[in-house]
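Taken in order, the sequence shown gives residues 1 to 253; the numbers are from the UniProt record's numbering.
Have a look at the structure below, then the notes.
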Amino acid sequence: MSEQSAVSIPPGLVEALRGAKSIAVLTGAGISAESGLPTFRDPQTGLWEKFRPEDLATSEAFQRNPKLVWEWYAHRRELMGQAQPNPGHAALAAIERHAATFTLVTQNIDGLHQRADSRNVLELHGNITRTRCFEEDTLVESWSANGEVPPHCPRCGGLLRPDVVWFGESLPEETFEQALEAAIFCDLFFSIGTSGLVEPAASLTEVARRAGATIVVINLEVEPLASPDLYQLNGPAGQILPELVRQAWRDEV
Ligand code: BJW
């Protein structure tokens with residue numbers, strides 16, 4: 001058994017987790033905060049201090065200043081490459097191992113869920129490790145390292161960009177359909193470390209609620225609440241999720 005935990009888990013939630021037939025999880029930047037990655041709405045530091053992420057993550061920003069936007073993603077790619085999955089990521093992988101049906105929908109582009117061994121992961125906003133051509137919209141695996149920033153597409157000469165979804169762009173259609181399906185058919189839906197400000201991802205929670213799922217919100221900025229159809233847990237996901245797994249199955253993550 002673990003030491004007495006400071007994290008308080010409502011007993012009804014432990015039962016709901018053990019009994020759930022189908023679990024869907026939506027994660028946002030907060031799940032990776034304890035891996036040292038700044039959330040999207042944290043103030044930026046260093047060279048990037050004077051820029052707001054919302055002003056860089058658009059195709060207009062890229063068209064205006066492709067070098068600036070490419071370098072911002074290069075900086076974040078390096079941070080994300082160095083980051084390690086935290087106990088919150090590990091706990092979600094553990095829940096997947098116990099669940100009959102489990103879908104993890106993430107808005108994050110950092111790949112940390114997969115590195116923590118989560119299997120059924122839907123990436124709504126792309127992945128920072130992939131690159132695509134801004135003109136042709138096709139994935140590009142390699143290009144000439146001739147020092148150009150951004151580099152150019154080896155096929156058409158267009159500029160290369162990260163394979164992520166910027167504001168005003170559509171989400172990958174099939175992936176979003178699968179996420180909707182998971183939200184509609186789950187009986188337990190977790191919303192973890194997301195501000196719920198960015199659509200259409202934010203609506204998944206409401207979709208699940210309307211379809212009758214019990215909703216669990218884990219965030220640093222929620223009022224604690226425990227009712228049979230809504231649990232709000234205030235605190236770091238990297239502490240709450242491992243404690244939940246421990247209480248449900250005595251698993252240590
Ligand atoms: C912790 C914690 C810890 C911290 N433990 N918690 C309907 C209404 C209004 C507007 C729209 C609408 N539909 C569409 C729009 C427009 C737009 C939108 O939503 N705008 C809003 C700003 C209002 N949406 C779009 O444009 C989307 N496309 C679309 O809808 O296509 C159709 C369309 C096409 C053309 C025209 C119109 C529509 C695309 C959205 C793409 C979002 N892309 C980004 C960038 C990805 C690449 C990158 O990372 O650079 O995705 S923006 C950014 O926000 C990123 C994130 O994935 C996303 C969500 O942020 P997230 O994850 O919630 O992070 P934070 O930082 O906001 O919150 C962190 C939370 O964690 C906080 O709550 C903390 O408290 C918490 N936390 N530490 C637990 N340890």
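Backbone N, C-alpha and C define an ideal beta-carbon position, used for all residues, glycine too.
These figures come from a predicted structure and were not determined experimentally.
Cβ pair residue i, residue j closer than 9 Å
{"i": "Ala182", "j": "Thr103", "result": "yes"}
{"i": "Leu92", "j": "Ala116", "result": "yes"}
{"i": "Thr194", "j": "Gly30", "result": "yes"}
{"i": "Ile95", "j": "Ile240", "result": "no"}
{"i": "Phe176", "j": "Pro200", "result": "yes"}
{"i": "Ala16", "j": "Thr205", "result": "no"}
{"i": "residue 254", "j": "Thr27", "result": "What is shown of the chain runs 1 to 253, which leaves residue 254 out entirely."}
{"i": "residue 255", "j": "Gly111", "result": "Beyond the ends of the chain as shown, which are 1 and 253, falls residue 255; an answer cannot be given."}
{"i": "Ile184", "j": "Val216", "result": "no"}
{"i": "Ser59", "j": "Leu188", "result": "no"}
{"i": "Ser142", "j": "Asn86", "result": "no"}
{"i": "Val253", "j": "Ala90", "result": "yes"}
{"i": "Gly126", "j": "Val165", "result": "yes"}
{"i": "Arg248", "j": "Arg18", "result": "It is Ala, not Arg, that sits at residue 248 in the sequence shown. Taking 9 Å as the Cβ cut-off, Ala248 and Arg18 qualify as a contacting pair."}
{"i": "Thr138", "j": "Pro162", "result": "no"}
{"i": "Leu122", "j": "Ala179", "result": "yes"}
{"i": "Ala99", "j": "Ala20", "result": "yes"}
Inter-residue CB distance, residue i and residue j (contact presumed, cutoff 8 Å)
{"i": "Glu34", "j": "Gly235", "result": "About 11 Å separates the two Cβ atoms, so there is no contact after all."}
{"i": "residue 323", "j": "Leu160", "result": "There is simply no residue 323 to check, as the chain begins at 1 and stops at 253 in what is shown."}
{"i": "Pro53", "j": "Phe40", "result": "5 Å"}
{"i": "Glu71", "j": "Val149", "result": "7 Å"}
{"i": "Gln232", "j": "Val245", "result": "With 8 Å as the limit, Gln232 and Val245 do not qualify as a contact, their Cβ atoms being about 19 Å apart."}
{"i": "Cys153", "j": "Glu135", "result": "7 Å"}
{"i": "Cys186", "j": "Ala24", "result": "4 Å"}
Identity of the residues DSSP links to residue i by a beta bridge
{"i": "Thr214", "result": "Leu188"}
{"i": "Ser227", "result": "Leu230"}
{"i": "Ala24", "result": "Thr103 and Phe189"}
{"i": "Asn219", "result": "Asn234"}
{"i": "Thr58", "result": "Phe167"}
Closer than 8 Å: residue i CB and nearest ligand 2 heavy atom
{"i": "Ser170", "result": "Ligand 2 is absent from the structure shown, which contains only ligand 1."}
Any C-beta of chain B under 9 Å from that of residue i
{"i": "Glu173", "result": "The chain inventory of the structure shown lacks chain B, comprising one protein chain alone."}
Task: Segments of 4+ residues assigned as alpha helix (DSSP H) that fall wholly inside the segment 110-193 - done: 112-115 and 173-185
- [ ] Can you check the segment 61-87 for any beta strand (DSSP E) of at least 3 residues that lies completely inside it and give the ranges in chain order?
- [x] none
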